[in-house]
Amino acid sequence: MNNKVISSSSVFSDRTILVCQGRCCRKDGSKQLLMAFESQTPPDVQIIPCGCLGQCGNGPNIVILPEKKLYQRVSAKDVSLLFLANKH
Ligand code: FES
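Going by the numbering used here, the first residue of the sequence shown is number 2, and it counts up by one from there.
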């Protein structure tokens, strides 16, 4: 897994990341995932905790907007890789 930290906001700007905090995803570690996003996210990217995304059992789940990309079974160690995979 790539642990490179993205420090430039220009590679992933104007996005919103919904991080499911529903009961099933919380059981699978979404609270820790939310904290990882909040600590590594550039200032022009919005992190929003949300309710169940209807994908229980495959969590923790996130959705990246505006593309509406769903990622499942995301862990805190995947955060920097997600920024790389979704850069402009
Ligand atoms: S609790 Fe996260 S998808 Fe249902």
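We treat Cβ as the ideally placed atom computed from N, Cα and C, and that holds for glycine.
Can you check DSSP and say which residues form a bridge with Lys-70?
-> Walking along the sequence shown from the start, residue 70 turns up at place 69. Beta-bridge pairing links Lys-70 to Ile-65.
Answer with buried or exposed for Pro-67, where buried requires no fewer than 16 other C-beta atoms within 10 angstroms of its C-beta.
-> Indexing the sequence shown from 1 puts residue 67 at position 66. Per the 10 Å Cβ criterion, exposed.
Take the Cβ of Ala-37 as the centre, count every other Cβ of all protein chains shown within 10 Å, and call the residue buried at 16 or more, exposed below.
-> Here residue 37 refers to the residue found at position 36 of the sequence shown. With 16 or more Cβ atoms within 10 Å of its Cβ, Ala-37 is classed as buried.
From Gly-30 to Ala-86, what does the alpha carbon distance come to, in whole angstroms?
-> As a first step, residue 30 must be located in the sequence shown, where it is residue number 29. As a first step, residue 86 must be located in the sequence shown, where it is residue number 85. C-alpha separation (whole angstroms): 22 angstroms.
May I ask you to check if the CB of Arg-16 is nearer than 8 angstroms to at least one heavy atom of the ligand FES?
-> By 1-based counting over the sequence shown, the position of residue 16 is 15. Incorrect: Arg-16 has no Cβ contact closer than 8 angstroms to the ligand FES.
Reduced DSSP category for Cys-25 - H, G, I as helix; E, B as strand; rest coil | Reading the sequence shown from its first residue, position 24 is the one you call residue 25. Three-state DSSP puts Cys-25 in a helix.
Report yes if the C-beta distance between Gln-22 and Pro-43 is below 9 angstroms; otherwise report no.
-> Counting from 1 along the sequence shown, the entry for residue 22 is found at position 21. Counting from 1 along the sequence shown, the entry for residue 43 is found at position 42. No, the Cβ-Cβ distance between Gln-22 and Pro-43 is not below 9 angstroms.
Is DSSP giving Val-20 helix, strand or coil here?
-> Position 19 of the sequence shown holds residue 20. Of the three classes helix, strand and coil, the one that applies to Val-20 here is strand, per DSSP.
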